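Comments concern the structure below.
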Amino acid sequence: MLDFTIIDEIIWRALKEDMPMGDITTDSTVDEDMVCSAKLIAKEDCVIAGIDVFTRVFTLLDPKIYTERYVNDGEKVGKGTVLMYITGNARAMLKAERTALNLFQRMCGIATATRKFADILEGTRSKIVDTRKTAPGLRYLDKAAVRIGGGTNHRFCLSDGVLIKDNHIRAAGGIT
Numbered sequence: 224m225l226d227f228t229i230i231d232e233i234i235w236r237a238l239k240e241d242m243p244m245g246d247i248t249t250d251s252t253v254d255e256d257m258v259c260s261a262k263l264i265a266k267e268d269c270v271i272a273g274i275d276v277f278t279r280v281f282t283l284l285d286p287k288i289y290t291e292r293y294v295n296d297g298e299k300v301g302k303g304t305v306l307m308y309i310t311g312n313a314r315a316m317l318k319a320e321r322t323a324l325n326l327f328q329r330m331c332g333i334a335t336a337t338r339k340f341a342d343i344l345e346g347t348r349s350k351i352v353d354t355r356k357t358a359p360g361l362r363y364l365d366k367a368a369v370r371i372g373g374g375t376n377h378r379f380c381l382s383d384g385v386l387i388k389d390n391h392i393r394a395a396g397g398i399t
């Protein structure tokens, strides 16, 4: 289950990075009352991950945006599959689209790669386990995508457990 308190912080940070002083192009060219519609279509075969995150980017900017989704996290879909229909205020949709797509594409990519290897290991006692090697600020979403793809999370952060690595051994002068 995803914690949207954490996800909302990630989304707002990404939106502020993308438009720290607003979207001057959209605000100067698109009528404030204009309504538009869009379809989210898979550009390649993939495992869906983060469909609720994708939706949330839009609804944080405008709660009146309507979405109708046709897939769920964890589903394998083929290229050309319509994943979602979206309609609402054009300004809000244009401001949200790149952030929504960036987060969604990243999560789907991680889930798809994870599923590929999890499928190879099916029927064995082995499992795919992730690391902390994530993009700064996106660890929560990256690790969620691993789980959706069929992998297992290792430590989320350095506070979750002891893992002595080569650098610790060198820094300590060895282990005896």
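For the sequence shown, the working numbering begins at 224 and goes up steadily by one.
We put the beta carbon where it would ideally sit given N, CA and C, even for glycine.
As the structure is a computational prediction, the values presented were derived from the model and not from experiment.
- Query: I think V270 touches A334, with their Cβ atoms under 8 Å apart; what is that distance to the nearest whole Å?
  - Reply: 4 Å
- Message: When you compare the CB positions of Y363 and I274, do they come within less than 8 Å of one another, or not?
- Response: no
- Task: Specify the secondary structure class of E291 as computed by DSSP and reduced to three states.
- Result: strand
- Per-residue DSSP class, three states only, for N312: Under the three-state reduction of DSSP, N312 is assigned to strand.
- Could you tell me how far apart the beta carbons of T310 and V258 are, in whole angstroms, since I believe they sit closer than 8 Å? 7 Å
- Message: Does the region 358-372 come into contact with the region 322-334, if we say contact requires no fewer than three beta-carbon pairs (one atom in each stretch) closer than 8 Å?
- Response: In short, these stretches touch, since the Cβ pair count reaches three.
- Does the region 233-244 come within contact of the region 288-306, defined as at least 3 CB pairs closer than 8 Å? no
- For A319 versus L361, is the C-beta distance shorter than 8 Å? Not closer than 8 Å, so no.
- Query: Do G374 and A341 have their CB atoms nearer than 8 Å?
  - Reply: Yes, Cβ-Cβ distance for G374 and A341 is below 8 Å.
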